[in-house]
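A.B. asks:
2 protein chains.
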Amino acid sequence: MATTRATHEAKTPCKKCPLRGLPHFREFAADELEFVEVFKTGELAIDAGSTILVEGSHSAHLFTVLTGWGFRYKMLEDGRRQILNYVLPGDLIGLQGTVMGEMQHSVEALSPITLCVFERNKLMTLYNKHASLAFDLTWIAAREERILDEHLLSIGRRSALERAAYLLAYLYQRASALKLFNGRSFLPITQQHIADTLGLSIVHTNKTLKKLASRGFIRWQERGCDVLDGQALAGLAEWEGLGEGKRPFI
Amino acid sequence: MATTRATHEAKTPCKKCPLRGLPHFREFAADELEFVEVFKTGELAIDAGSTILVEGSHSAHLFTVLTGWGFRYKMLEDGRRQILNYVLPGDLIGLQGTVMGEMQHSVEALSPITLCVFERNKLMTLYNKHASLAFDLTWIAAREERILDEHLLSIGRRSALERAAYLLAYLYQRASALKLFNGRSFLPITQQHIADTLGLSIVHTNKTLKKLASRGFIRWQERGCDVLDGQALAGLAEWEGLGEGKRPFI
DNA sequence: CGCTTAGTTGAGTTCGTTCAACGACTGTGG
DNA sequence: CCACAGTCGTTGAACGAACTCAACTAAGCG
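Those protein sequence lines, which keep their order, are chains E and U.
For the first sequence, my numbering begins at 1 and goes up steadily by one.
For the second sequence, my numbering begins at 1001 and goes up steadily by one.
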């Protein structure tokens, strides 16, 4: 099983980055784009199910997801796994390695993923020369923090049904903002992923999802989840939504 | 009940900041210190139990904890509360407000707290003029993220006993690094706080803490927890520890 | 065709909850 | 000074949510 395939195709120029067209992201000034263009050293294509980063490793790179779905997770020694968050296009991966030296969590591809590759040792020049991008990095880290807060609230205080509803509503909203759906609101995750995100067993997760399906909020199909009523899911979880304006990305 | 008392005493000059002497924090260059000195506009003293920031509010300020203990939390509409993390000396409060416009969580004082006050609208000059401090801010946000990851793993996948052990070991390590203990390793929290952090009921939290006490790891006294064996707690939770080198703060 | 992965379902068990009552301590007002 | 209310911690009993175990279906793949 090949974990990574280096694409030898010419890398996507940042000026023509397909993400920049989305209304979800903030506009970049010409000089910012120019810098990012140089900062980006290549592209990487990852197979579904492959590991992008491993807990404890020291990577010289940072990544931004260009296409595809993935997730971050941590494990206990006896094999218990906790999925911390999902990574989607525009998300930065590996910033924590900068802070701690080594990665404190692993990242795995849920679908085939394309990554933009950045050199970590060029990071300081970003801070020195582009204050706006430096601010963006802090912004991105603070955003992740906010989402983790929300997850913590969910796992700590919501019932199984509410938790599941929140998670699906969350993924639905994120994917919607990125216009990842074409007609069908399909989330490419297994019930095991959901269980490991919610802190539940697979069996109970299955029964919980059945309840949501019986209410007509979702449908489970082809190894994934069709969201039929994202609004209802958010309502069931008493969740306000991401409530995001435009956001930056590198 | 007065929530805040503005201290009319002269503010502590950053050059003489009591935290800067600690080996836990990185050294600051003279020009960095000079900038922070100006960036800091005052000091604020908060009573134990008072609220520092409220979810949904728009604060013009950022704070760094100078002395005392506090905690961040979120609530559901029906009153369920989840404590997200604890704030101790050197911790930055309110960065998320910068990103989202409004606060997404509340902060409350556990003990009397002294805060350094910063103007949020001066933040951009920090990014423009002091790349190293800008980097520090990202670092600080990434650190919080890492700790939240750890908490998420704990709540999601650890048993009640392991969770409690992890939390107490975590608080013990943090307070130790800051040399907050003098002889006695006392954590100024109630069992309700612990319950709301672990996602457990008070009753079960109480029974769980009794187990830890019967093993000789802790002792409950005077509305708080004496940690008798931080090592054992971390071991029970299979927790590696914070493993931090020197860290920055503003 | 067997092997593996994902999902489903039922039965019994365990962990953690809720309810309820009580003791110790603190602070407040009479 | 005492009475009283409020907070915090403690404990037992009954209940319920979620877990484990186990068996089985359906789909995908070599």
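Just so it is clear, CB atoms sit at the ideal spot from N, CA and C, and this is done for glycine as well.
Between the segment 45–53 of chain E and the segment 127–141 of chain E, can you find at least three pairs of beta-carbon atoms closer than 8 Å?
C.D. replies: No: fewer than three Cβ pairs fall under 8 Å.
A.B. asks: Indicate whether at least one CB of chain E lies closer than 8 Å to the CB of E1027/U.
C.D. replies: Not closer than 8 Å to any Cβ of chain E, the Cβ of E1027/U fails to qualify, so no.
A.B. asks: Is M1/E buried or exposed, if buried means 16 or more other CB atoms sit within 10 Å of its CB?
C.D. replies: With a pLDDT of 38 at M1/E, under the threshold of 50, the modelled position of that residue is not reliable, and the figure given next carries that caveat. Exposed, because fewer than 16 other Cβ atoms sit within 10 Å of the Cβ of M1/E.
A.B. asks: What does DSSP give as the partner residues of T1114/U in its beta bridges?
C.D. replies: Paired residue(s): A1045/U and T1067/U.
A.B. asks: What residue range does the beta strand (DSSP E) around S1267/U cover?
C.D. replies: Absent from the model: residue 1267/U. The displayed extent of chain U is 1001 to 1250, so no value can be given.
A.B. asks: Residue ranges of each alpha helix (DSSP H) run of no fewer than 4 residues wholly in the segment 1164–1207 of chain U, ordered along the chain?
C.D. replies: Correct list: 1191–1198.
A.B. asks: Could you give the distance in angstroms between the alpha-carbon of P83/E and the alpha-carbon of V107/E?
C.D. replies: Position check: residue 83/E holds Ile in this sequence, whereas Pro was assumed. Those two C-alpha atoms are separated by around 9 Å.
A.B. asks: Go ahead and pull the three-state DSSP assignment for D78/E.
C.D. replies: Residue state, collapsed to three classes: coil.
A.B. asks: With distances taken between CB atoms, is the gap from L1209/U to Q1191/U smaller than 8 Å?
C.D. replies: Contact flag set, yes.
A.B. asks: Shorter than 8 Å from the beta carbon of C14/E to some beta carbon of chain U?
C.D. replies: C14/E does not count as touching chain U.
A.B. asks: Give me the Cβ distance between F1025/U and F1118/U, rounded to the nearest whole Å; I'm assuming they're in contact under 8 Å.
C.D. replies: Between F1118/U and F1025/U the Cβ distance is about 17 Å, and since that is not below 8 Å, they are no contact.
A.B. asks: W139/E by DSSP, collapsed to three states: which one?
C.D. replies: Correct three-state label for W139/E: helix.
A.B. asks: Per DSSP, what kind of secondary structure is R223/E in: helix, strand or coil?
C.D. replies: R223/E falls in the coil class under three-state DSSP.
A.B. asks: Taking the continuous alpha helix (DSSP H) assigned at T12/E, which residues delimit it?
C.D. replies: Where T12/E is concerned, there is no enclosing alpha helix (DSSP H), given that its DSSP letter is neither H nor E.
A.B. asks: Going by C-alpha to C-alpha distance, which of I1250/U, E1144/U, Y1170/U and I1113/U sits closest to I1052/U?
C.D. replies: Checked all of I1250/U, E1144/U, Y1170/U and I1113/U; the closest Cα to I1052/U is I1113/U.
A.B. asks: If you measure beta-carbon to beta-carbon, which residues of the segment 1065–1085 of chain U are closer than 9 Å to chain E?
C.D. replies: Under the 9 Å Cβ criterion, the segment 1065–1085 of chain U contributes R1072, Y1073, K1074, M1075, L1076, E1077, D1078, R1080, R1081, Q1082, I1083, L1084 and N1085.
A.B. asks: Does the segment 210–229 of chain E come close enough to the segment 168–184 of chain E to have 3 or more Cβ pairs within less than 8 Å?
C.D. replies: The segment 210–229 of chain E vs the segment 168–184 of chain E: in contact.
A.B. asks: Leaving aside the five residues before and after V99/E along the sequence, list all residues of the same chain whose C-beta is less than 7 Å from its C-beta, in chain order.
C.D. replies: Once the five neighbours on either side are set aside, V99/E has no close Cβ partner at all.
A.B. asks: Taking the alpha-carbon positions, what's the R20/E to F135/E distance?
C.D. replies: Those two C-alpha atoms are separated by around 18 Å.
A.B. asks: With burial defined as no fewer than 16 other Cβ atoms inside 10 Å of the residue's Cβ, what is the status of T1064/U: buried or exposed?
C.D. replies: With 16 or more Cβ atoms within 10 Å of its Cβ, T1064/U is classed as buried.
A.B. asks: I'd like to know whether the C-beta atoms of G1056/U and A1109/U end up nearer to each other than 8 Å.
C.D. replies: Result no, Cβ atoms of G1056/U and A1109/U do not sit closer than 8 Å.
A.B. asks: Is the Cβ-Cβ distance between T1213/U and R1120/U less than 8 Å?
C.D. replies: As written in the sequence, residue 1213/U is Ala, which differs from the Thr given in the question. The answer is no: Cβ separation not under 8 Å.
A.B. asks: Are any of the Cβ atoms in chain E nearer than 8 Å to that of W1139/U?
C.D. replies: True, the Cβ-Cβ gap to chain E drops below 8 Å.
A.B. asks: Within its chain, find whatever has a CB closer than 6 Å to the CB of F1186/U; leave out the 5 residues flanking it on each side and keep chain order.
C.D. replies: Closer than 6 Å at the Cβ level, and outside the excluded window around F1186/U, lie G1224 and D1226.
A.B. asks: Rounded to the nearest angstrom, what separates V1087/U and L1153/U at their Cα positions?
C.D. replies: Those two C-alpha atoms are separated by around 20 Å.
A.B. asks: In terms of alpha-carbon separation, which member of R174/E, E32/E and N206/E lies closest to W69/E?
C.D. replies: Closest by alpha carbon: R174/E.
A.B. asks: Per DSSP, what kind of secondary structure is F35/E in: helix, strand or coil?
C.D. replies: F35/E: helix per DSSP, three-state reduction.
A.B. asks: Counting along the chain, where does the alpha helix (DSSP H) carrying L53/E start and finish?
C.D. replies: Looking at the DSSP string, L53/E is not in any alpha helix (DSSP H); the run it does join, the beta strand (DSSP E), is T51 to L53.
A.B. asks: Can the beta-carbon of L1062/U be found closer than 8 Å to that of T1012/U?
C.D. replies: No, these two residues do not count as a Cβ contact at 8 Å.
A.B. asks: Can you confirm whether F135/E, when its beta carbon is compared against all beta carbons of chain U, has any partner nearer than 8 Å?
C.D. replies: Judged by the 8 Å Cβ criterion, F135/E is in contact with chain U.
A.B. asks: Quick check on the DSSP output: the alpha helix (DSSP H) that includes G101/E runs from which residue to which?
C.D. replies: Segment: none, G101/E is in no alpha helix (DSSP H) and carries neither H nor E.
A.B. asks: Just to confirm my understanding: we take A195/E, look at its own chain, exclude 5 residues before and 5 after, and list those with CB closer than 7 Å. What are they?
C.D. replies: Closer than 7 Å at the Cβ level, and outside the excluded window around A195/E, lie S201, I202 and T205.
A.B. asks: Assuming M121/E is part of the alpha helix (DSSP H), what are its boundary residues?
C.D. replies: Checking the displayed sequence, the identity of residue 121/E turns out to be Asn instead of Met. No alpha helix (DSSP H) holds N121/E; DSSP gives it neither H nor E.
A.B. asks: What separation, rounded to the nearest whole angstrom, lies between the Cα atoms of I189/E and S176/E?
C.D. replies: So the alpha carbons of these two residues sit roughly 16 Å apart.
A.B. asks: Under DSSP, the alpha helix (DSSP H) around G1245/U begins and ends at which residues?
C.D. replies: Element bounds for G1245/U: n/a, residue is neither H nor E.
A.B. asks: Name the DSSP bridge partner or partners of F1025/U?
C.D. replies: According to DSSP, F1025/U bridges with R1247/U.
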